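Notes follow once the structure below has been shown.
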Amino acid sequence: MISSSDELTTYGLAIGGEQRPATGGATYEALNPFTGQAWARAPEAGREDVDRAVGAARGALDGPWGAMTGADRAACMRRLAIVLAEEAEHLAAVETRGNGKLLRETLGQAKALADYYNYFAGMADKLEGASIPSHKPGYFLYTRREPVGVVGAIMAWNSPLMLLTWKLAPALAAGCTVVAKPSPYTPISTLEFARCVERAGFPPGVFNVVTGVAPELGQWLVSHPGVDKVTFTGSTQTGIAVGKAAMDNMTRVALELGGKSAQLVFPDADLDAAATGIVAGVFAATGQTCVAGSRLLVHRDVHDEVVDRLVTMATAIKLGDPMAPDSEMGPLANAAQLEKVSGLMDRARAEGATVAHGACVSASLGGLFYEPTILTDVGPDMEIAREEVFGPVLSVLAFDTEDDAVALANRSEFGLAAGVWTESVRRAHRVAHRLQAGSVWVNTYRMVAPNAPFGGFKMSGIGRENGHEAVYEFTETKTVWVALDDAQARDPFALG
Ligand code: NDP
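According to my numbering, the sequence shown is numbered sequentially starting from 178.
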């Protein structure tokens with residue numbers, strides 16, 4: 178932060194290891210979705226600030242960070258893990274003020290951040306190339322994994338620090354430097370995170386943050402000629418625009434996008450466990466998660482029983498202050514999101530969906546609170562069965578056979594995640610293999626870990642975060658041929 182008054186704390190941009198005002202000096206108010214009040218002021222970055230941030234990242238890459246060994250980078254990352262563990266409660270509270278998610282959710286995420294830096298620190302000194310036996314005699318042939326360079330990281334508002342970490346930890350392990358742009362709705366947690374990076378003793382410029390409400394800010398970063406790779410989490414529509422813009426400079430791109438994930442409940446499932454998993458999948462985080470299990474595909478024999486259980490559970494969900502330990506659902510994160518959910522609901526009713534529960538702004542709390550909603554009589558071609566809601570809305574569709582269930586699940590342009598509920602081990606694996614989704618959870622839902630690759634099939638994205646693959650997303654493979662003989666007799670006009 179660069180100044181604090183009795184009213185609002187004003188933050189600076191994090192560039193080159195310093196906190197500094199935006200070039201034009203402008204700031205904007207960050208709103209708390211629960212209170213509706215401004216709670217901090219964030220800097221409004223201009224194009225010059227993006228240039229500075231990219232320049233600082235390039236300087237660190239060409240300078241002290243680029244000169245470090247993997248073991249040195251790992252040491253920095255482990256120090257960051259220690260700082261993050263110490264700061265977890267503070268970061269969680271900042272996150273909840275910014276996006277209205279329950280403190281119990283943001284605290285769980287903040288406490289897990291250290292695990293990601295420790296896991297990827299373990300890879301920083303293991304980025305091995307290969308020694309390849311040459312097909313032609315007299316050559317030594319090998320590969321090197323080199324950092325892709327300066328990374329532009331753009332995030333959505335729903336889990337800013339977790340989404341950032343899924344990019345930053347493997348990027349640092351690979352030897353890259355980063356300019357991060359959080360969503361304009363949630364700028365503060367990423368600026369607070371930059372202070373943790375400073376405390377951990379990284380060379381200046383390794384991690385930089387630009388914030389602002391200008392719609393061009395993300396575009397400036399994506400199109401910047403000094404950015405070598407863009408890694409983006411957000412909606413599919415924006416992801417397509419980002420991918421197209423990146424291609425103008427042949428900037429590498431990874432996209433983590435939206436979803437319309439299906440939960441499949443077979444008649445042999447443990448229905449208590451399934452009901453709990455379905456509630457966790459779609460009502461946790463007020464449905465504002467990319468893996469929300471927003472399509473329930475349930476066998477006709479158990480359809481009514483499952484819906485009854487879900488309505489009972491939804492009725493009991495306690496909406497309230499996201500800071501309160503007994504709250505189970507907080508508000509939606511912003512007014513635009515509430516408007517989007519309400520509009521989708523109006524059109525779902527018009528298309529013939531039946532409201533089994535909810536489908537309205539919470540009568541007692543008002544504001545941005547939306548009731549957990551269950552819709553039945555949903556057809557697979559209705560908008561509500563196809564479009565991502567990013568809110569607490571479950572659409573229920575019935576199926577008769579396993580083939581029907583798989584076909585319905587795969588009848589989506591998205592392919593981020595899916596859940597399978599069955600007591601049959603054969604069916605579990607058979608169906609998991611047939612589903613077009615980047616993550617499939619069997620008799621559980623919404624599990625993530627540093628070592629578990631995560632990403633989307635189809636319109637849900639390109640590339641993987643987490644696991645070994647995530648580091649390779651931030652490297653370029655270089656192939657080196659070395660002639661071992663002094664006098665190589667070769668035809669200069671023919672390919673070697
Ligand atoms: P948006 O796509 O609207 O925005 C995401 C980020 O992109 C924001 O920082 C936004 O900032 C920026 N942005 C917008 N337009 C551009 C552009 N043309 N060039 C560069 N950057 C741009 O998504 P939301 O923030 O509304 O987040 C919700 C979406 O995120 C959902 O679809 C959800 O599924 C997805 N998501 C995916 C996850 C995954 O891992 N697959 C995880 C979490 C969320 P600004 O608006 O200021 O430009």
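For glycine and all other residues, C-beta sits at the position ideal for the given N, C-alpha and C.
Predicted model only: the values in this text are computed from it and were never measured.
Looking at M522, R524, E369, the one whose alpha-carbon comes closest to that of G189 is E369.
Pairing P364 with V659, the inter-Cα distance amounts to about 49 Å. Annotation for K517: the continuous alpha helix (DSSP H) segment containing it runs 512-527. Following the DSSP letters along the chain, one finds Q440 inside the beta strand (DSSP E) bounded by residues 439-442.
Only residues of its own chain outside the window of five on either side were considered, and among them A422 have a CB closer than 6 Å to the CB of S400, listed in chain order.
In the DSSP assignment, Y294 falls within the unbroken alpha helix (DSSP H) covering 280-301.
Selection H480, I455, R429 evaluated against A575 yields H480 as nearest (Cα-Cα). Ranked by Cα distance from C353, the options L304, H534, A333 are led by L304.
If you keep only unbroken alpha helix (DSSP H) runs of at least 4 residues inside the region 453-503, you get 480-493. The beta carbon of A222 is closer than 7 Å to those of L190, A199, V387, T388, G389, L394 in its chain, skipping five residues each way along the sequence. If you look at Y362, you'll find it isn't in any beta strand (DSSP E); DSSP assigns it neither H nor E. The Cβ atoms of L593 and G382 lie no closer than 7 Å to each other. Contact annotation: V260 and A377 have beta-carbon atoms nearer than 7 Å. Cβ neighbours of L284 within its own chain (closer than 8 Å, five residues either side excluded): A265, E266, A269.
The ligand NDP has no heavy atom closer than 6 Å to the beta-carbon of F384. The three-state secondary structure of E263, taken from DSSP, is helix. Under the three-state reduction of DSSP output, Q396 falls in the helix class. H534 has I551 as its beta-bridge partners, per DSSP.
Inclusion of W598 and A451 in the CB contact set at 7 Å is warranted, their separation being smaller than that value. For E184, the Cβ stays outside the 6 Å cut-off from all heavy atoms of the ligand NDP. By the CB criterion at 7 Å, L496 and M506 fall inside the cutoff. For K344, the enclosing alpha helix (DSSP H) stretches over residues 337-351.
Proximity to D425 across S336, K406, A439, T413 peaks at K406, based on C-alpha coordinates. For V399, the shortest separation between its Cβ and any heavy atom of the ligand NDP lies below 6 Å. W216 has its Cβ no nearer than 6 Å to any heavy atom of the ligand NDP. Annotation: L338 to F297 spans about 16 Å, alpha carbon to alpha carbon. Within the DSSP secondary-structure output, I639 pairs in a beta bridge with L432. Annotated as distal: L279 and S539, with beta-carbon spacing of 7 Å or more. For P324 against T652, the beta-carbon gap comes to about 6 Å, under 8 Å, which counts as contact. Of all C-beta pairs linking the region 464-476 to the region 563-582, three or more are shorter than 8 Å, placing the two stretches in contact. The criterion of a C-beta distance shorter than 7 Å is satisfied by Y622 and G596.
If you check the CB distance, P361 and T367 do not come in under 7 Å.
Closest in C-alpha terms to R218, from the list G193, T186, H610, R224, comes T186. Following the DSSP letters along the chain, one finds K313 in no beta strand (DSSP E), marked with neither H nor E.
The beta carbons of T408 and K313 sit no closer together than 7 Å. Around the beta-carbon of Q465, 16 or more other beta-carbon atoms lie within 10 Å, marking it buried.
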